[in-house]
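Everything below concerns the one structure shown next.
Number of protein chains: 2
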Amino acid sequence: MIAKRLSELRKKKKWSLQYIADQLNIAKSTYAGYESGYRQPSLEAVKELATLFGTSTDYLLGVVDDEQQTIELTNTSFPITVDGERLTEDEIHQLIAFIRVKREMAKK
Amino acid sequence: MIAKRLSELRKKKKWSLQYIADQLNIAKSTYAGYESGYRQPSLEAVKELATLFGTSTDYLLGVVDDEQQTIELTNTSFPITVDGERLTEDEIHQLIAFIRVKREMAKK
DNA sequence: TAAAGTTGTTCGCGATTCGCGAACCTATGT
DNA sequence: ACATAGGTTCGCGAATCGCGAACAACTTTA
């Protein structure tokens, strides 16, 4: 599974095997092994690859199928900030209302 | 890192080494090696452990901490949705502007 | 209370897998 | 034609794996 995901992500980014190998400080053939399924990356390498590709290890390992996490504002348990300052519950509700009104008006 | 996390999680759940080993179909000594740091679990084992503990591989591997992740709107790394519908770049900018204006007015 | 389990730790063993450079092919550019 | 870059595969030595065994410290059972 990780082999397929790595191959897809790399092609999407149009990166070469050598480039990724350089970023992780491993041999080109080593990384090639990851993509072909001939080798399994170390846990450390998996972490670095997730960072490099801007995705999660859960995605690389196939635990989840979404490359990127999406944040649903109406149902989020995460703190949300603007300019580093956290939004209050009320502010988030205002933003949601704003978006809903905006969309409703766009329909007419 | 994974060793520490596994040990913490197992104790929190009050499970024995043997119980986890049975769930993963590996030897007790093998799992013990994971917790002591003497061995590294396979990628497959990491996935199964995340499922068993009800956590993410990102947490097990130490990519993220248990602390809640905060989403900075001005640095939108994730897609954001309201009622399941994704916000456009413009909409996000409007929300940011809205919050900034609101804060500025609150100062006066 | 003696015997039988349970738990967690560590060890050595054989087998597996790792990471590497080398070699090779194809395509592209000089 | 030659050089360069990307991608694939191979064999090698070294590192690591997963296992059962053995052990001490408790806890449970008879």
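Protein chains in written order, with this note's numbering: chain A, 1 to 108; chain B, 1001 to 1108.
C-beta atoms are modelled at their ideal positions from N, C-alpha and C, and glycine is treated no differently.
Among the options, which residue has its Cα nearest to the Cα of residue i?
| i | options | result |
| --- | --- | --- |
| residue 82 (chain A) | B:1034, B:1099 and B:1088 | B:1099 |
| residue 71 (chain A) | B:1087, B:1053 and B:1095 | B:1087 |
| residue 1073 (chain B) | A:57, A:92, A:103 and A:52 | A:92 |
| residue 1 (chain A) | A:57, A:90 and A:101 | A:57 |
| residue 1024 (chain B) | B:1037, B:1038 and B:1042 | B:1042 |
| residue 1045 (chain B) | B:1064, B:1022 and B:1065 | B:1022 |
| residue 1064 (chain B) | A:101, A:50 and A:95 | A:50 |
Under the three-state reduction of DSSP, which class applies to residue i: helix, strand or coil?
| i | result |
| --- | --- |
| residue 1002 (chain B) | helix |
| residue 14 (chain A) | coil |
| residue 72 (chain A) | strand |
| residue 91 (chain A) | helix |
| residue 44 (chain A) | helix |
| residue 104 (chain A) | helix |
| residue 85 (chain A) | strand |
| residue 1067 (chain B) | The predicted position of residue 1067 (chain B) is uncertain, since its pLDDT is 39 and thus under 50; a value taken from the coordinates is nonetheless stated next. If DSSP states are grouped into helix, strand and coil, residue 1067 (chain B) belongs with coil. |
| residue 30 (chain A) | helix |
| residue 1025 (chain B) | coil |
When you compare the CB positions of residue i and residue j, do they come within less than 8 Å of one another, or not?
| i | j | result |
| --- | --- | --- |
| residue 40 (chain A) | residue 55 (chain A) | no |
| residue 5 (chain A) | residue 84 (chain A) | no |
| residue 35 (chain A) | residue 3 (chain A) | yes |
| residue 20 (chain A) | residue 60 (chain A) | no |
| residue 1017 (chain B) | residue 95 (chain A) | no |
Can you name the start and end residues of the beta strand (DSSP E) that residue i belongs to?
| i | result |
| --- | --- |
| residue 82 (chain A) | 80-82 |
Can you tell me where the alpha helix (DSSP H) holding residue i begins and where it ends?
| i | result |
| --- | --- |
| residue 111 (chain A) | Since the first residue shown for chain A is 1 and the last is 108, residue 111 (chain A) is missing from the structure and cannot be characterised. |
| residue 1057 (chain B) | 1057-1061 |
The region 4-11 of chain A contacting the region 31-47 of chain A, beta-carbon criterion three pairs below 8 Å: yes
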